Amino acid sequence: MIKMISIRGATTVLCNSQDEIKSKTIELINEIITVNNLDVEEIHTMIFSCTDDITCGYPGAFVREYFNMKTLSIMHFNEMKVENYLKFCIRVLILSNEQKESVKFIYLHDAKSLRKDLNQ
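With the working numbering, the residue at position 86 of the sequence shown is 107, and numbering never jumps.
As structure tokens, this is what we get:
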């Protein structure tokens, strides 16, 4: 029987540039992996959503290259645009074939405002 965990996270970038998208995405994924003690080999899917002001690069492409995750399934979507939404935001859902008692969702930079309940 395979157990699967899901972990959410988000971050923001200061501007729409490849370097900024790459560095903030790698920071987020590295923090999720470290804090949750994930086995990179067991991660099978990452689903990213970005606000429509992020257009200079795919976060998942930077993750695939940096972590050498050649078989990782990655999808990208536009985030819903609602009134007063958080700009320059990258969100991720990670699915991993691991068994954990609990996981910690990670929200960095201005994205901490998305889940104030987790950042008290």
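Note that beta-carbon positions come from the ideal geometry of N, C-alpha and C, so glycine has one too.
Model, not experiment: these values are computed from the prediction.
For this session: Measure the alpha-carbon distance for S38 versus G78 and round it to whole angstroms.
Result: C-alpha separation (whole angstroms): 8 Å.
I47, enclosing alpha helix (DSSP H) - first and last residue = Looking at the DSSP string, the run of the alpha helix (DSSP H) that includes I47 is Q39 to V56.
Requested in this report: Please state whether DSSP places G30 in a helix, a strand or coil.
Outcome: G30 falls in the strand class under three-state DSSP.
Spatial neighbours of I54 within its chain, please: C-beta separation below 7 Å, excluding the five flanking residues on both sides.
These residues qualify, in order along the chain: V61.
Practice task
Compare the Cα-Cα distances from V113 to each of L129, N105 and E63 and report the closest residue.
Solution key: L129
Which of the three DSSP states is assigned to F126 in this structure? coil
Rounded to a whole number of angstroms, what is the C-alpha to C-alpha distance between N105 and T76?
Cα to Cα, the separation comes out at about 20 Å.
- Task: Report the three-state DSSP secondary structure of V84 (helix, strand or coil).
- Result: helix
Give the DSSP-derived three-state secondary structure of L59 in the structure shown.
coil
Rounding to the nearest angstrom, what Cα-Cα distance links N118 and E63 in this structure? 5 Å
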